[in-house]
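Numbering (my numbering), first residue to last: 5 to 64.
See below:
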């Protein structure tokens, strides 16, 4: 598993938590920051998955 997948999963989780807290407290800035971090994490995770697939293809 690539480091991009791990870091992406962490960012996605932290972003989702920030977004939820922002919604619950009415803090639009925190909610927006969370949504951005969640999206960044999702994209980073997808990059990591692609790296893993490329690595697997090269090995075979």
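Here a beta-carbon is modelled for each residue, glycine too, at the ideal position from N, C-alpha and C.
Classify residue i as buried or exposed, calling it buried when 16 or more other Cβ atoms lie within 10 Å of its own Cβ.
i, result
"residue 23", "buried"
"residue 33", "exposed"
"residue 15", "buried"
"residue 42", "buried"
"residue 12", "buried"
Is the Cβ-Cβ distance between residue i and residue j less than 9 Å?
i, j, result
"residue 19", "residue 51", "no"
"residue 26", "residue 37", "yes"
Which whole-angstrom value is the C-beta distance of residue i and residue j, which I expect to be below 8 Å?
i, j, result
"residue 63", "residue 9", "Actually they do not touch by this definition, with Cβ atoms about 17 Å apart."
"residue 56", "residue 6", "6 Å"
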